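Below: the structure, in structure tokens.
Chains as they are written, first to last, in the working numbering: chain A, 2 to 211; chain B, 16 to 264.
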């Protein structure tokens, strides 16, 4: 039996667990991916913090499902900023967390006996892919990175992305355009048989002689 | 025909700068699928790899665990903790409380000093009497230190003069002054000195200020006559003893 969005929201506001499974299940993956691509120290812990904030303020929310996703990612972005501030004030502790040591330093190793859990080989491949993506996104500014991640991972439109990052939609379009251009330049430069990346307008107007 | 011109399109217009042109057109948000967007063309591999990061290991169990915690928080928030009032409402309540406190303080102070208008004073006094606080009701007789407001004089009334009527002042008595005048002005006469006829003339003055009023000296009371006669002196006693009719003659 499928519920309407309004019924799900009303049940979640009253504390129904099944309604919360439905709500969190729709945003958990993109949110963890957002934190992971923003190089957060512990993406799943941050996502759990976001869910707690969402549950605390769910009584004041009204809107449809896409509005709920935008609202949750707005909270996620603020939570990420708070986490950066906390980490800048608190020194990083050296050593290995005993809880992580038994699973190879990553919480994705928990429940390794389950069929749905990734195998060690899959984990290595996934970790390598994450590192590649982080290195690729390092060529973007923070705002460009936010826009690209929200558009790709979150599946938001330009207007929704503008609402989350609290910018004008035209500014978001420009950020996306420049971010994609930068990504394309990096990809073309990294491919072995690719020609050199096209020069920028400044380089064309003011050529630099060696 | 304008194809050979650099920076011009087919019609000869300046070519749009791709950096500042709308890269998505008017219907950019019509289809949120990035694969159909020309701006994302050639980035399919990047899109796939970015989307591959949006996974949660042990997803179902983790989601159910988070949902259970969120449900508890939501139920607790909905049932126990009241929704916080908005900042605007809190500011209004605070401003109203401050205004009420200031009004009560000022009104109470003025009422205690009996400085309020009479109807308001009576009303405040009645209200304070409910709380067993005694305040003047505006009809009490003025105390010794109270100020009495006199009725305003009529327009045709002459204002009372502040200069005392000299006719009611008793004449000066006592010995005349013996201090000679310093600058030749009028002064007292010495005994036997001829009285200056022009002494009472006041020299003309250029000042518009009225002449100073002479000080009013109350008359000195005269010494009452002695009730007992003075005892006779020695001469009187001898005359009495040796005079006619004296005893022993």
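Cβ coordinates follow ideal geometry from the N, Cα and C atoms, glycine included.
Source: prediction; values computed, not measured.
- Nearest CB-CB separation between residue 6 (chain A) and chain B: not below the 8 Å threshold.
- In the structure shown, the three-state DSSP call for residue 69 (chain B) is coil.
- Where residue 66 (chain A) is concerned, the enclosing alpha helix (DSSP H) starts and stops at 66-90.
- Judged by beta-carbon spacing, residue 156 (chain A) lies beyond the 8 Å limit of residue 44 (chain A), meaning their Cβ atoms are not closer than that value.
- Per DSSP, the continuous alpha helix (DSSP H) segment holding residue 127 (chain B) begins and ends at 102-127.
- Shown here, residue 140 (chain A) sits in coil according to DSSP, grouped into three states, outside any helix or strand.
- Around the C-beta of residue 9 (chain A), 16 or more other C-beta atoms lie within 10 Å, and the residue is accordingly described as buried.
- DSSP places residue 91 (chain B) in the uninterrupted alpha helix (DSSP H) bounded by 74-94.
- DSSP places residue 163 (chain A) inside the alpha helix (DSSP H), whose first and last residues are 159-166.
- Under the 10 Å beta carbon count, residue 25 (chain A) is surrounded by 16 or more other beta carbons and is classified as buried.
- A straight line joining the alpha-carbon of residue 85 (chain A) with that of residue 77 (chain A) spans about 12 Å.
- Note on residue 175 (chain A): 16 or more other CB atoms within 10 angstroms of its CB, so buried under the neighbour-count rule.
- Taking the C-beta atoms as reference points, residue 183 (chain A) is found no nearer than 8 Å to residue 135 (chain A).
- For residue 6 (chain A), the enclosing alpha helix (DSSP H) stretches over residues 6-15.
- Residue 85 (chain B) counts as buried, since no fewer than 16 other beta carbons sit within 10 angstroms of its beta carbon.
- Taking the beta carbon of residue 66 (chain B) as reference, the chain A residues within 7 Å of it are 153 and 154, listed in sequence order.
- Nearest to residue 3 (chain A) by alpha-carbon distance, out of A:23, A:49, A:59 and A:144, is A:23.
- Apart from sequence neighbours up to five positions away, the residues of its chain that approach residue 150 (chain A) with a beta-carbon distance below 8 Å are 34, 35, 38, 39 and 138, ordered along the chain.
- By the rule that beta-carbons nearer than 8 Å mark a contact, residue 164 (chain A) does not touch chain B.
- For residue 27 (chain A), the enclosing alpha helix (DSSP H) has its first and last residue at 18-38.
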